[in-house]
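Listed in order, the protein sequences are those of chains V and S. Under the numbering used here, the first residue of the first sequence is numbered 1128, with each subsequent residue one higher. Under the numbering used here, the first residue of the second sequence is numbered 696, with each subsequent residue one higher. To start, the structure itself, in structure tokens.
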Amino acid sequence: SQQGEEDPQALSIQEGENATMNCSYKTSINNLQWYRQNSGRGLVHLILIRSNEREKHSGRLRVTLDTSKKSSSLLITASRAADTASYFCATDAGNTGKLIFGQGTTLQVKP
Amino acid sequence: GAVVSQHPSRVICKSGTSVKIECRSLDFQATTMFWYRQFPKQSLMLMATSNEGSKATYEQGVEKDKFLINHASLTLSTLTVTSAHPEDSSFYICSASDRASNYGYTFGSGTRLTVV
């Protein structure tokens, strides 16, 4: 079963704007990861945030984690047309070793 | 960095035939590999956990006789879709548990299966 929900399901913005995607999960986690997937392609790992971290940055990416609310957000600043893709959060579902994915957000950045 | 090679990238087969998908860890040993299925415009659904030298653990609702998983070595797991039907058409992705990785998992590039 899927671990989390993501919203929005789809997001369309203009180049240069910021894009925010949210993810909620259900069980306790060790870490939460964000992945990107271009249409019909494999997954690209973007960033990992551990359960004892609240915020993490990587280039134009900013991830927050609120374990009390079981939620995370991914912010992409100064978006580019090349950021157009689907974005998924994934959690390690406790100590099972499994990586469970959220529903994903499809981002379209218009040039 | 760690690389997982998945083959084939695309395959078209006739209904009733079987298709084998390979997932290889190229520069590390993977005691555990995972197989996912992704329908168009949907998320990745975990199908099964493949453990080297033992039987795979299937998620609820996944037919183990339909999706045969073999993990005979520390670098190779295979998924065989048996007696394929058009509804089996999907994107299949494997990942390997890699403790040396900063994020613990390395993904293959996926296999697009089309059953006609």
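A virtual CB, placed ideally from N, CA and C, is assigned to each residue, including glycine. Bear in mind the structure is a predicted one, so any value in this text is a computation, not a measurement.
- Inclusion of V:Ala1146 and V:Leu1138 in the CB contact set at 8 Å is warranted, their separation being smaller than that value.
- The Cβ of V:Ile1227 sits closer than 8 Å to at least one Cβ of chain S.
- Within 10 angstroms of the beta-carbon of S:Asp783 lie 16 or more other beta-carbons, which makes it buried.
- Residue-level contact check: V:Leu1192 does not touch chain S, since none of the beta carbons of chain S fall below 8 Å from its beta carbon.
- Where V:Arg1177 is concerned, the enclosing beta strand (DSSP E) starts and stops at Leu1170 to Arg1177.
- A residue is called buried when at least 16 other Cβ atoms come within 10 angstroms of its Cβ; S:Ile764 meets this threshold and is buried.
- DSSP places V:Leu1226 in no beta strand (DSSP E); its state is neither H nor E.
- Taking a C-beta distance under 8 Å as the contact criterion, V:Leu1226 and S:Phe729 qualify as a contact pair.
- Neighbourhood of S:Tyr753 in chain V, by CB distance below 9 Å: empty, with the nearest CB roughly 12 Å away.
- Its Cα nearest to that of S:Cys708, the residue S:Ser778 stands out among S:Ala791, S:Ser778, S:Ser804 and S:Lys759.
- Around S:Ala791, the same chain offers Val699, Ser720, Ala725, Met728 and Thr801 as residues with beta carbons nearer than 6 Å, after the five sequence neighbours per side are excluded.
- Looking at the DSSP output, V:Tyr1214 sits in a beta bridge with V:Arg1163 and V:Thr1232.
- Of all residues in the stretch 784 to 809 of chain S, the ones placed with a Cβ closer than 8 Å to any Cβ belonging to chain V are Phe786, Ile788, Ser790, Ser792, Asn797, Tyr798, Gly799, Tyr800, Phe802, Gly803, Ser804, Gly805 and Arg807, in chain order.
- DSSP, reduced to helix, strand and coil, places V:Asp1219 outside both helices and strands of the structure shown, so it counts as coil.
- Note that the C-beta distance between V:Arg1207 and V:Glu1142 is below 8 Å.
- Within the same chain, and ignoring the five residues on either side of V:Arg1181 in sequence, the residues whose Cβ sits closer than 7 Å to its Cβ are Thr1191 and Leu1192.
- Against chain S, the beta carbon of V:Gly1224 has neighbours under 8 Å at Thr727, Thr744 and Ser792, listed in chain order.
- The three-state secondary structure of V:Ala1209, taken from DSSP, is helix.
- Secondary-structure assignment with DSSP links V:Asn1158 through a beta bridge to V:Arg1177.
- Contact with chain V is absent for S:Ser713, since none of that chain's Cβ atoms lies less than 8 Å from the residue's Cβ.
- Within the same chain, Gln1160 and Tyr1162 come within 7 Å of V:His1172 by CB-CB distance, once the 5 residues on both sides are set aside.
- At least one C-beta of chain V is nearer than 8 Å to the C-beta of S:Leu739.
- Any Cβ of chain S closer than 8 Å to the Cβ of V:Gln1230 would place that residue at the interface, and such an atom is present.
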